[in-house]
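Report on one structure; see the data block that follows.
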Amino acid sequence: MRLFQDLVKSISKDNPANAIALIKLWKANAKANDSITKKLFEEKRNNMSIIHSKVNEIIVACNSVFKLIDSRTQDILSLIEYIGDVRDSLDQMNKLLQEKEKKIAECDNFKNKIKDFLPNFDIYC
C-alpha cells in the first residue's frame, strides 16, 4: 500500500490526470480481486461441503464394515465354543471307549481263566 501511495505521488507531480487514472485502475483492480476472492472462497466452501459429505459416506461405510466384522467375530466365537463342546464330548467318548476296552480285556482275562478250569467253555459261549 505504501509503495502504491508513493507511486501515485510521483505520478501526480508530473501529470495529475495519470494519477487519477492510476487510482481508478487500482480501485477496479481491488474490486476484481474482491470478486475473485469471493468466488474462490465460495468454491472452497463448496469443495469443503463435498469433502464433508464424502467423509460422512466413508464413516457410514466403515460403520457397516465394523458391524459386519463384529457379526462375523461373534459367529467365529460361537463356532470356537461349539468346537470346544465337541472336543469335550469326544474326550468324554474316548474315556468311555477306554473304559469299555478295559472291561473287555478284563472279561477276556476272566474267560481265559475259566478255560483253564473248563476246557470246553468256548462251546458254551
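Okay, so the sequence shown: first residue is 12 according to this note's numbering, each after it adds one. Using N, Cα and C, we set each Cβ at its ideal position, and we do this for glycine too.
{"Check": "In the DSSP assignment, find the alpha helix (DSSP H) that holds L107 and state where it starts and stops.", "Outcome": "27-128"}
{"Check": "Can you give me the C-alpha to C-alpha distance between E68 and I94, rounded to a whole angstrom?", "Outcome": "39 Å"}
{"Check": "Straight-line CA distance for N131 to K124?", "Outcome": "12 Å"}
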